[in-house]
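Encoded as structure tokens, the structure appears first; notes follow it.
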Amino acid sequence: MMLKKLIYVIVAVAVAAGVWSCSSSKGAGGQHTSISGEGPDVRALAERLADNGDWQTMKIPVSVALKKPVSAKIGGSMTLVRGEEIRLSLRFFGMEVAAASVTGDSVKGYVKMQKIYVAESLDRFLGGFPASIDNVQSLLLARIFQIGRTTPDFNRCTFGGDASVYTVTPPRAASGLDYSFVVRTDGNLLTTLEIAHTGGHRASVEYAYPRNVSDGRPESVAISGSLKGKPVEVEVGYSTSGIDSSAPALKPFSIPRGYRKVSASSLLKMLDSLK
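Residue numbers 150 to 424, in this note's numbering, belong to the letters of the sequence shown in order.
Next comes the structure, spelled out in structure tokens:
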């Protein structure tokens, strides 16, 4: 049973990193009009929310939970190297049982119990979708971003909303693909990222925050969508009190010797074989 749950959680990590390639629905497209009158200066708010802060390496204690198609949960740590890498170490009773690394050009991961590993280009893993490592880090940290850019071009974004929430819709990222941010003006906190594709697929990211949030960092990121036609829900919980924004540099990620390479697609097939 532990092996089964571990495989599902590794799939959950793949979904969290690859949400782009299995996106979205009813056309978050369409133009929003800018807020007028006495409303807040949403562009100024959006520019502040696109700022990722002053850090180079950030380590966060996390729990990764897969809620659909089955329930599985495991703890560990996630380390972000700004603009370079996302490193995940999953642990059971204090021992590392799996690890993954996402960089600007590759996705690698291994499962110790089965002695298997995955290593693919980021472009192939994301199905050719042009998301950058900066974009994925911004998604995890509840920041506004523009796909394929380090910082958004707000001259090309459209704005909408009211006194309580505002929306930011960057220009279309690829053929038929749109995405939009919904932000709570009270505290300037990102609540939802909706991704929509004209083909009828849909994905969304929901953010929750601690009661006394001060730095805009979420305490959980919930991702829902579909993978290979199956509904998938993943939630990454953060121990916000344990965030280390001055963590030491990471050692290079390496696959242990003697492990067998498998494709990402074959790993996903275990969703069926392990039910």
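Here a beta-carbon is modelled for each residue, glycine too, at the ideal position from N, C-alpha and C.
Since we're looking at a predicted model, the values are computed, not measured.
Can you tell me whether R366 is helix, strand or coil according to DSSP?
coil
Any beta-carbon of chain C closer than 7 Å to the one on V267?
Absence of chain C from the displayed structure is noted, only one protein chain being present.
Among residues of its own chain, excluding the 5 on either side of A398, which ones have a beta-carbon nearer than 8 Å to its beta-carbon?
T206, V230
Short of 8 Å in beta carbon distance, which residues of its chain neighbour N337, apart from the five on each side in sequence? Order them along the chain.
L194, R197, L198, G365
Would a C-beta distance cut-off of 7 Å place A268 and K257 closer than the cut-off?
yes
Output the distance between the C-alpha atoms of G374 and V213, rounded to the nearest integer angstrom.
16 Å
When you compare the CB positions of S255 and R236, do they come within less than 7 Å of one another, or not?
no
Return helix, strand or coil for F294, following the three-state DSSP convention.
coil
Please determine if the segment 308-315 and the segment 282-298 are in contact, where contact requires at least 3 C-beta pairs separated by less than 8 Å.
no
On a CA-only basis, which of D200, I209, I404 is nearest S388? Give me that one, please.
I209
Just how far apart, CA to CA, sit Y408 and E245?
15 Å
Rounded to whole angstroms, what's the CA-CA distance from V411 to D200? Just pull it up for me.
38 Å
Considering only their Cβ atoms, is the gap separating Y259 from I404 smaller than 7 Å?
yes
What did DSSP end up calling A135 once you bin it into helix, strand or coil?
Only positions 150 to 424 of the chain appear in the structure, and residue 135 is not among them; the question remains open.
According to DSSP, what are the bridge partners of G341?
The sequence shown places Thr at residue 341, not Gly. Partner(s): V331, E355.
Grab me the residues of L239's own chain with a C-beta within less than 6 Å of its C-beta, minus the 5 sequence neighbours each way, in chain order.
I223, G225, V246, A247
Cut-off 6 Å between Cβ atoms - residues of its own chain near D393, not counting five sequence neighbours on either side:
K208
Between which residues of its own chain and F303 is the CB-CB distance below 7 Å, once the five residues before and five after are set aside?
R192, A195, E196
Would you give the residue range spanned by the beta strand (DSSP E) that V251 belongs to?
244-252
Would a C-beta distance cut-off of 7 Å place E343 and S363 closer than the cut-off?
no
G309, DSSP secondary structure in three states
strand
Terminal residues of the beta strand (DSSP E) in which V285 lies
Counting along the chain, V285 falls outside any beta strand (DSSP E), though it belongs to the alpha helix (DSSP H) covering 282-289.
With distances taken Cα to Cα, identify the nearest neighbour of D335 among Y266, Y358, S353, P380.
Y358
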